[in-house]
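Basically our numbering = 1-based index in the sequence shown + 8.
All residues carry an ideal CB built from backbone N, CA and C; glycine is no exception.
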Amino acid sequence: MEAHPRTLRSIFRQDLRLLVPLFQRPYVWQASTQWQPLWEDVVATVERTDHGDDTPHFLGAVVLQLRRGAVGSVETREIIDGQQRLTTLQLLIAAALHVAEAEGVMGRTRARLQSLLFNNPDLVDDPEERFKLWPTNRDRGPYEAVMSGRADGAGTDSRILQAYTWFTGAVRSWVSGQEDVEEALTRLAGVLADRLEVVAIDLGEDDNAQIIFETLNARGTPLRAADLVKNLLFRALQDAGRPVERLYRELWSPFEDPYWEQDVRQGRLTRPRIDTFLGHFLVVLLQTEVQAHDLFAAARRHVGADPDRAEAFLRELARYGQVYRRVDAARTGAGEDDAALNRLRMVDTQTLLPLLLWLVANTDGPERTRAVRSLESFVVRRLVCRLTTANYNRMFLELLRRLGGGEAPVGEVTEAFLAGQRSASGVWPTSDDVRDAFETRPLYKMLRREQLQRLLLALDAAAGTARTEPVPHSARMSVEHLLPQSWSEHWPLPPDPVSAETVEAEREELVHTIGNLTVITGSLNSAMSNAAWPIKRDEILRYSALTLNRDLPEDWNTYRIRERSAWLAELAVTLWSRPVTGDEAAVREAVAAAGPVPEIREDADAPVRTGRGDIAAHIKNAMRTVAPGEFMTVSQIARVPSADYPAGSPPSQGAIAARLFPRTGRPTTVPGVRAEIREGRRGATRL
């Protein structure tokens with residue numbers, strides 16, 4: 009290994025090719041962080057040179073390794089590190105050359121710039137060898153267009169063309185401010201050739217280029233885990249003499265689709281989809297947990313420098329890449345497996361995805377359908393019962409190991425494994441648990457909006473017939489309360505005070521349950537949303553073709569809400585069925601002991617409590633806000649924030665009334681208060 013400072017004239021010397029390995033990432037530098045600072049440094053160097061300061065400007069280091077070629081061929085060096093910097097310099101030089109030609113500046117200045125870009129055409133056998141630098145496969149078309157003067161950069165997503173266009177504009181703008189255009193371009197060409205330096209580290213044939221690449225990768229724009237893995241695989245294959253061009257074209261090039269570069273959210277992290285997929289693939293391959301920051305290290309431990317392992321890894325990666333796209337594209341609901349995969353979008357399937365990928369990649373037929381449907385039922389039932397997802401990683405990994413270890417049939421094994429869980433983090437809720445959740449819990453407050461939409465759409469599809477086309481999820485959809493959240497103006501209470509208090513408490517108890525919710529394809533304005541039922545019903549039917557809304561009754565009250573919740577619950581327990589075990593009572597106890605977990609709705613400013621707080625403590629706290637002997641209604645008590653029920657998350661009035669007026673007829677056990685009914689309003693007096 010040797011290191012020397014070199015000018016660009018030396019780096020881009022005559023009859024030398026700098027080759028970017030096909031397995032390195034494409035060009036990614038951008039204006040604000042790389043192009044503009046580089047251009048400002050170049051202009052500053054020109055100005056210093058004009059004032060007699062010949063100190064070169066240092067641009068950093070590049071790592072090159074000699075590549076063996078045929079006798080008489082142009083000398084070739086691979087760029088191990090620094091391809092982004094060297095490619096950018098070539099694009100800047102090309103921009104300067106084309107501006108010079110447009111300004112009619114020929115002669116020595118033009119020849120100097122050309123010599124930094126092109127080899128002698130009489131000495132090359134292959135047309136591509138005329139270029140001093142040859143980029144990775146994906147960038148070759150745009151790069152050749154730029155160097156040949158056939159690119160204007162307009163309307164393209166190519167970063168190569170964008171960079172060339174940016175530098176062309178920068179050079180033109182700078183030249184326009186100079187007194188003598190030809191003289192200015194001559195000065196610029198001189199600086200580009202002789203006043204910009206890099207430290208070139210030349211590797212010997214026995215130096216380990218892969219180790220050096222990994223050590224230096226943190227400089228410049230950080231590499232993705234997938235970039236490092238790609239380099240690892242193809243370096244091992246190339247060193248073993250494998251057909252890397254063919255393997256790259258057949259197995260890796262599909263990952264260059266823009267689909268894989270899109271950012272996706274995984275928990276608290278947002279990463280390129282290819283890195284997210286790589287994490288899931290490594291879990292499948294290694295059957296162990298792999299942390300997001302450890303993807304490359306895990307791949308390197310598995311592959312090492314073994315070309316056989318590298319090729320096997322690459323082939324499996326390509327196969328699972330196709331499977332991942334199929335699973336991700338399961339939106340139409342065509343086929344039972346795809347319909348189940350689509351419905352699974354209502355839950356966070358990231359921890360489940362390695363298992364789903366394995367099932368889709370390695371199984372088919374009724375057993376796969378049974379396995380996928382069991383997993384779907386398990387996570388959806390736990391979702392609506394608001395049970396924790398904390399142990400999903402380990403639990404699904406254990407199931408993956410069993411299936412990957414050959415336990416079969418996969419559907420039966422999956423179902424038995426899930427049905428056998430009894431811990432709070434793994435129990436599979438019974439149908440009665442689901443009915444309780446649908447009929448009593450405020451799911452509107454407990455689930456995110458998209459989860460509610462997908463849940464209701466799945467139930468809508470279940471309520472339809474074989475000829476009913478499922479309604480796909482859309483960002484334009486909204487969840488609507490049938491009984492409005494603000495119901496007091498157009499939904500009068502009974503004239504009898506006692507009945508009014510009861511109805512008010514029931515409405516507050518049921519307004520956020522699933523029986524009072526539906527999905528519409530637009531958004532009702534606030535006036536319509538809070539309107540009287542006949543008007544609102546007609547408006548909902550205008551905005552929704554859902555089966556769930558087709559038979560909305562002409563009257564809507566708390567009885568109808570309970571009735572509809574029960575109907576939806578039966579649809580749910582049928583759609584997401586579960587095998588009945590011999591100890592259903594124990595399962596019910598495990599679900600009750602687990603209790604619901606809190607959830608933060610994406611449209612809320614603060615966490616919404618999903619568990620029952622201490623109602624007695626809340627009542628005591630509320631009553632402390634009034635003097636002894638003063639009376640507060642149930643509604644007033646509910647609106648006072650407390651440690652158990654903060655502002656924006658009040659307890660239900662029904663729960664308060666039940667605590668103050670036990671069904672046994674005995675006095676309330678809340679200390680310091682006396683339950684009373686005054687003027688038909690139930691409440692309490694502070695003692």
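Supposed close pair residue i, residue j - CB separation, criterion 8 Å
i	j	result
I522	F446	5 Å
W541	W575	That belief does not hold up - the Cβ atoms of W541 and W575 are roughly 18 Å apart, past 8 Å.
V291	R334	The pair is not a contact, with the Cβ atoms about 18 Å apart (cut-off 8 Å).
V392	L464	Actually they do not touch by this definition, with Cβ atoms about 12 Å apart.
W142	R25	6 Å
V595	T438	5 Å
R250	V54	Actually they are not in contact, since the Cβ atoms of R250 and V54 sit about 47 Å apart, beyond 8 Å.
F20	L124	5 Å
Close-in-space but distant-in-sequence residues of the same chain around residue i (CB under 7 Å, 5 per side omitted)
i	result
D69	Note on identity: in this sequence residue 69 is Ala, with Asp being the wrong assignment. Excluding residues within five positions, the ones whose Cβ falls inside 7 Å are G90, V206, V207, I209.
R647	P658
I569	L491, L518, T521, G523, N524
A162	With a pLDDT of 46 at A162, under the threshold of 50, the modelled position of that residue is not reliable, and the figure given next carries that caveat. Around A162: no qualifying Cβ.
R686	F639
R620	With a pLDDT of 47 at R620, under the threshold of 50, the modelled position of that residue is not reliable, and no figure is offered here.
L94	L26, V70, I87, L141
L67	R93, L204, E205, V206
Backbone CA spacing between residue i and residue j [nearest angstrom]
i	j	result
Q644	M631	10 Å
Q661	A233	53 Å
D356	L455	12 Å
F304	S81	36 Å
E111	H481	57 Å
E297	F289	11 Å
R257	L46	34 Å
D441	I664	23 Å
F404	L360	7 Å
A612	A655	In this predicted model, A612 has a pLDDT of only 38, less than 50, meaning its place in the structure is not dependable enough to derive any value.
E415	V421	7 Å
T284	G329	11 Å
E610	V380	Reliability of the predicted coordinates at E610 is poor, the pLDDT of 42 falling under 50, and the value obtained from them is presented with this limitation in mind. Distance between the alpha carbons of E610 and V380: 28 Å.
R167	W37	8 Å
E190	V113	6 Å
D265	L259	12 Å
T566	A577	16 Å
L131	D23	8 Å
Q299	R515	47 Å
F242	T144	13 Å
G680	K628	7 Å
L121	Y151	17 Å
S382	V487	28 Å
I543	L556	18 Å
Limits of the beta strand (DSSP E) - the one that residue i falls within
i	result
P280	277–280
Residues bridged to residue i (per DSSP)
i	result
G691	T641, E684
E83	L24
H12	A208
V272	R279
D89	V71
V527	V487
H301	Beta-bridge pairing links H301 to no other residue.
H65	L204
W142	L27
F126	F139
Sequence-distant residues of its chain with Cβ nearer than 8 Å to residue i (five each side left out)
i	result
H12	V207, A208, D210
I282	R232, A234, F263, W268, E269
N399	S431, S433, G434
Boundaries of the alpha helix (DSSP H) in which residue i is found, first to last residue
i	result
S486	No alpha helix (DSSP H) contains S486, which is instead part of the beta strand (DSSP E) from 486–489.
A600	592–602
F321	315–336
R76	Counting along the chain, R76 falls outside any alpha helix (DSSP H), and DSSP gives it neither H nor E.
M454	451–454
I543	541–551
A424	418–427
F404	400–412
Neighbour flag for residue i against chain D, beta carbons, 8 Å
i	result
G149	Protein chain content of the structure displayed is limited to a single chain, and chain D is not contained in it.
Contact set for residue i: own chain, Cβ-Cβ below 6 Å, skip 5 residues either direction
i	result
V388	W584
T676	L668, A683
E86	L27, P29, Q73, R75
E562	none
A470	L579, L583
R227	Annotation note: pLDDT 48 at R227 (below 50); position unreliable, coordinate value reported separately. If we look at R227 and ignore the five residues flanking it on each side, it has no Cβ neighbours.
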